[in-house]
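Residue numbers (UniProt numbering), protein chains in the order written: chain A, 1 to 328; chain B, 1 to 328; chain C, 1 to 328.
Worksheet: the structure to be examined is printed underneath.
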Amino acid sequence: MNHFVSVADVPDIPALVSRALAYKNDPYQDVTLGERRRIGMLFLNPSMRTRLSTQVAAQQLGMEAVVFNVGSEGWALEFEEEAIMSGNTVEHVKDAAPIMGKYFDILCIRTFPSLKNREDDYSELYINQFIKYAGIPIVSLESATLHPLQSFTDIITITEQLALQGKLDTATGKPARKPKIVLTWAPHVKPLPQCVANSFAQWVNAWGEADFVITHPEDYELEPSFTKGATITHDQDEALKDADFVYVKNWSTFNDYGKIYVNDPEWMLTNEKLALTNNAKVMHCLPVRRNVELSDEILDGPNSIVTTQAGNRVWAAQAVLSELIRRK
Amino acid sequence: MNHFVSVADVPDIPALVSRALAYKNDPYQDVTLGERRRIGMLFLNPSMRTRLSTQVAAQQLGMEAVVFNVGSEGWALEFEEEAIMSGNTVEHVKDAAPIMGKYFDILCIRTFPSLKNREDDYSELYINQFIKYAGIPIVSLESATLHPLQSFTDIITITEQLALQGKLDTATGKPARKPKIVLTWAPHVKPLPQCVANSFAQWVNAWGEADFVITHPEDYELEPSFTKGATITHDQDEALKDADFVYVKNWSTFNDYGKIYVNDPEWMLTNEKLALTNNAKVMHCLPVRRNVELSDEILDGPNSIVTTQAGNRVWAAQAVLSELIRRK
Amino acid sequence: MNHFVSVADVPDIPALVSRALAYKNDPYQDVTLGERRRIGMLFLNPSMRTRLSTQVAAQQLGMEAVVFNVGSEGWALEFEEEAIMSGNTVEHVKDAAPIMGKYFDILCIRTFPSLKNREDDYSELYINQFIKYAGIPIVSLESATLHPLQSFTDIITITEQLALQGKLDTATGKPARKPKIVLTWAPHVKPLPQCVANSFAQWVNAWGEADFVITHPEDYELEPSFTKGATITHDQDEALKDADFVYVKNWSTFNDYGKIYVNDPEWMLTNEKLALTNNAKVMHCLPVRRNVELSDEILDGPNSIVTTQAGNRVWAAQAVLSELIRRK
Chain A
1 MNHFVSVADV
11 PDIPALVSRA
21 LAYKNDPYQD
31 VTLGERRRIG
41 MLFLNPSMRT
51 RLSTQVAAQQ
61 LGMEAVVFNV
71 GSEGWALEFE
81 EEAIMSGNTV
91 EHVKDAAPIM
101 GKYFDILCIR
111 TFPSLKNRED
121 DYSELYINQF
131 IKYAGIPIVS
141 LESATLHPLQ
151 SFTDIITITE
161 QLALQGKLDT
171 ATGKPARKPK
181 IVLTWAPHVK
191 PLPQCVANSF
201 AQWVNAWGEA
211 DFVITHPEDY
221 ELEPSFTKGA
231 TITHDQDEAL
241 KDADFVYVKN
251 WSTFNDYGKI
261 YVNDPEWMLT
271 NEKLALTNNA
281 KVMHCLPVRR
291 NVELSDEILD
301 GPNSIVTTQA
311 GNRVWAAQAV
321 LSELIRRK
Chain B
1 MNHFVSVADV
11 PDIPALVSRA
21 LAYKNDPYQD
31 VTLGERRRIG
41 MLFLNPSMRT
51 RLSTQVAAQQ
61 LGMEAVVFNV
71 GSEGWALEFE
81 EEAIMSGNTV
91 EHVKDAAPIM
101 GKYFDILCIR
111 TFPSLKNRED
121 DYSELYINQF
131 IKYAGIPIVS
141 LESATLHPLQ
151 SFTDIITITE
161 QLALQGKLDT
171 ATGKPARKPK
181 IVLTWAPHVK
191 PLPQCVANSF
201 AQWVNAWGEA
211 DFVITHPEDY
221 ELEPSFTKGA
231 TITHDQDEAL
241 KDADFVYVKN
251 WSTFNDYGKI
261 YVNDPEWMLT
271 NEKLALTNNA
281 KVMHCLPVRR
291 NVELSDEILD
301 GPNSIVTTQA
311 GNRVWAAQAV
321 LSELIRRK
Chain C
1 MNHFVSVADV
11 PDIPALVSRA
21 LAYKNDPYQD
31 VTLGERRRIG
41 MLFLNPSMRT
51 RLSTQVAAQQ
61 LGMEAVVFNV
71 GSEGWALEFE
81 EEAIMSGNTV
91 EHVKDAAPIM
101 GKYFDILCIR
111 TFPSLKNRED
121 DYSELYINQF
131 IKYAGIPIVS
141 LESATLHPLQ
151 SFTDIITITE
161 QLALQGKLDT
171 ATGKPARKPK
181 IVLTWAPHVK
191 PLPQCVANSF
201 AQWVNAWGEA
211 DFVITHPEDY
221 ELEPSFTKGA
231 TITHDQDEAL
241 KDADFVYVKN
251 WSTFNDYGKI
261 YVNDPEWMLT
271 NEKLALTNNA
281 KVMHCLPVRR
291 NVELSDEILD
301 GPNSIVTTQA
311 GNRVWAAQAV
321 LSELIRRK
């Protein structure tokens, strides 16, 4: 593993899941591994769980994590090649990134999409420029189109739940039978990136151990290269039937990019809808708009595993960082 | 001690004072105590001394302190139960707090009052919701109505001064005779919380080792449950007479909540007024508006102990954190 | 060395350069030196390289670095003596600085000039007030008129380049023959401080091992006390002739203070101009406005050493911090 920006960087998902769960069992087992190593954490956008869980993971590996909020502590970066920088951007990534490569062993970056220009966002220019110029491993803390630490956490969490339910083949680390996993769109008050949905689809498909269904209203189709392999339906009730896991998430439109079309509150998951499932565990990446995306009754009920899921962010980050350190 | 949000959390004030002074004497004596422990420090509002002194205290206990500025690095939290989150708040404390409980061993929080709705502020909803949902010890870095780390520091500082003056019974750690302590209101340019005054009153009363007088102009009465036990007077000169310690602080009105009524510059402490006292030591929590709240001549004069007091913030925080670690 | 705010604080420049290069060769050789020591890093203005390189340097010395963004995490400081603080400033440096002196072993401060009032800026009131009141060593992370960590880095970088070229007398650590060093003004889109130019001039002059030329358009004269000893010319081509090092930097006017007069794009360094030099190495403190201050062809070409230079910021900071620790 040279970088961690997409599932394509991971040669063996179940092996990485095993490592993460081993850290959960014994957090400080590799506390000397990161000695005299540093990660830089660059935030072009806000973050809570990703920020904190990565700091915790670094500490448990004995590494120093240095946080830098690019906007408020520094200045606007330029990402376009050959730019004549007479505008608002103060420093080009071509100049900033190689210096990060001198100060740190691993560079972690969060950068959101504009939601204004699909082609630009889906080119992943920002994170790709850091890969191109930093000269050290890059870890995505969520980029314009993907959120791999979240999705890796999701696979860890599903695996862990299956193990708790006695449904995991412990020899292979794979499900004894494929669980039905449903990704369902949910309403929201403002247009959100497609990252979490894209990335979850990408990881579940790459993992290949699920009967995977995506459901959303018309007009909310996702980028096909990420969803390919999943069953896609506009009928939420049909999708939820016999589900083992329901992943709830809002996203804005992909085709007519970054818009909210229908925002039907009927799409919010309730206990009534949960009754259609196979007593499914309910997941969400957080933050969640209560009683808009997800009802209190679900979030406060016995089927929600969102806190466990968010807690697992630490072990995902720790497994990824440890892989990148060992690589060097 | 399960939390530290009020004097009510402290079973034995003199014992905690002794521990703090022991740390002042030997800062690193418990440097292994906090190994592999982490505190999260959440700032919903700005902070300098509290922030820095707590970070220093954590380091001296061998702990990692992770700072998170909720507003600028994250997003607005919701605290109301059953809220339909279609407004500006992005995440409910019910979801955020338990995750902090997974990432940290102790959670420290600063949250100011609105000064708009007294009932809301005095319900201490924010910090109480963290206590309810985080599942780990909560330390107040100043809340809507109290500032316990400051007030604990104030008792430490008074105790230390009495010891320096040979007026402390070293066997009990208590004053040989009760010093006269005066809390006096001072002018300011904007409406401030009542926290420091409430909390100082609460701690001096709980400590029970002082002749305690509070003086302020009419209309600046504080919440009686905090001041009960103190003598209250509108005559500042009368109050200052023979005082051993004068604590200077502005606060806004409590009854007609959050207002500035009279703002008479005559209430600013001067050397002329100090002459009424028993050569009193002058205290202030800082930041202080020079020549508005307190004159240069006092702050730069021999009776001011505000720097010593602010320095003692470290030992207060260290004593509290060490108690909370030992508890676990 | 008691502070580090100007070249005047450095008794022996080549010795400090040697120490920095020794750290570059073996970064952790003094990792126990800073044990149980802390630096506070106060930012009144944004910073990237200076911030990160100083944190890295502190870590490599085994010290804790505590960052505090004064504006966003705290509040506005007052620097004028005898101020009646009824305006926007919340805390006086007379009160804040001595407390920093209690919390930290070394205090590092970044503070920019206003560019509105030359006399005020050149009085260096802010950093001098910290020196006056903190009671601990002060390190400038760039002040109103100087940027000594940058300039020290620049001397390190020049020395290192000369060594690579076999042009350094290894016995003395000094050049075998004086290299020609040219500081050239460059265009920019907004008025910038004179700090980097002032400071570079001050250090090259104090170092005394160069044939030093400064070139800029009319009206961009710098403060003579810093430039004294350099040849000053308005003819850039003449200046560049046979140069071994070209330092490119924009600054605003000094006499009619803080203005942009001519902003002729012809002053941007290009390969055509570089051809006039002795195959000069090109330096810049960064951030750089590409294709405004410096062309892509130069920055991406073989003569640019800006990344090496920025990387050397770590070793400069580490040498300075280690000197200040040893002093205590």
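Idealized CB from N, CA, C, for every residue including glycine.
Predicted model, so just to flag it, every value in this text is computed and none were measured.
Quick one: is residue i near chain B, going by C-beta distance under 8 Å?
i: C/GLY34; result: no
i: A/THR307; result: yes
i: C/ALA83; result: yes
i: A/VAL182; result: no
i: A/VAL248; result: no
i: C/GLY311; result: no
Pull the bridge partners of residue i from the DSSP assignment, please.
i: B/LYS180; result: B/ASP211
i: B/ILE232; result: B/ILE214
i: C/ALA65; result: C/ILE39
i: A/GLU78; result: A/HIS92
i: A/ARG290; result: A/LEU294
i: A/TYR247; result: A/LEU183 and A/MET283
i: A/ILE106; result: A/ILE39
i: B/SER304; result: B/VAL282
Does residue i have its Cβ less than 8 Å from a Cβ in chain A?
i: C/ASP26; result: no
i: C/VAL56; result: yes
i: C/MET283; result: no
i: C/MET41; result: no
i: B/VAL204; result: no
i: C/VAL139; result: no
i: C/VAL189; result: yes
i: C/LEU52; result: yes
Below 7 Å CB to CB, which residues in the same chain sit around residue i once its five sequence neighbours on both sides are set aside?
i: C/VAL70; result: LEU42, PHE43, LEU44 and LEU77
i: residue 339 of chain A; result: Residue 339 of chain A lies beyond the range of chain A shown here (1 to 328); nothing can be said about it.
i: A/ILE106; result: ILE39, ILE136, PRO137, VAL139, LEU321 and LEU324
i: C/ILE156; result: VAL17, ALA20, LEU21, ASN312, TRP315 and ALA316
i: B/LEU33; result: LEU61, GLY62, SER322 and ILE325
i: B/ASN263; result: PRO187
i: B/ILE232; result: ILE214
i: B/GLU221; result: PHE254 and ASN255
I'd like the list of long-range same chain contacts for residue i, defined as Cβ closer than 6 Å, with 5 residues on each side in sequence excluded.
i: C/TYR126; result: PHE79 and THR111
i: B/ILE13; result: TRP207
i: B/VAL282; result: VAL246, ILE298, ASN303 and SER304
i: B/GLY173; result: PRO14 and SER18
i: C/LYS94; result: TYR133
i: A/ASP219; result: THR253 and TYR261
i: C/ASN250; result: ALA186, HIS188, LEU192 and GLU293
i: C/THR159; result: VAL17
i: B/GLN55; result: ALA65
i: A/SER53; result: ARG313, VAL314 and ALA317
i: C/PHE212; result: ILE181, VAL204 and ALA230
Leaving aside the five residues before and after residue i along the sequence, list all residues of the same chain whose C-beta is less than 8 Å from its C-beta, in chain order.
i: C/LYS132; result: ALA97
Is any beta-carbon of chain C found at less than 8 Å from that of residue i?
i: A/ARG38; result: yes
i: A/SER47; result: no
i: B/LEU168; result: no
- Item | Near-chain A residues of the stretch 85–105 of chain B (beta-carbon distance less than 9 Å), N- to C-terminal order | MET85, SER86, GLY87, THR89, VAL90, GLU91, HIS92, LYS94, ASP95, ALA96, PRO98, ILE99, MET100, GLY101, LYS102, TYR103 and PHE104
- Query: What runs of the beta strand (DSSP E), each 3 residues or longer, lie entirely inside the stretch 134–181 of chain B?
  - Reply: 138–140
- Message: Can you pull out the residues from the stretch 2–32 of chain A whose beta carbon lies closer than 8 Å to at least one beta carbon of chain C?
- Response: none
- Scan the stretch 286–307 of chain C for residues whose Cβ lies nearer than 8 Å to a Cβ of chain A and list them as they occur along the chain. Cβ contacts with chain A come from LEU286, PRO287, VAL288, ARG289, ARG290, ASN291, VAL292, ASP296, LEU299, ASP300, VAL306 and THR307.
- Message: Any C-beta of chain C within less than 7 Å: which residues of the stretch 146–162 of chain B qualify?
- Response: none
- Item | Positions along the stretch 59–70 of chain A whose CB lies within less than 7 Å of some CB in chain B | Along the stretch 59–70 of chain A, going in chain order, the ones with a CB nearer than 7 Å to a CB of chain B are GLN59 and ASN69.
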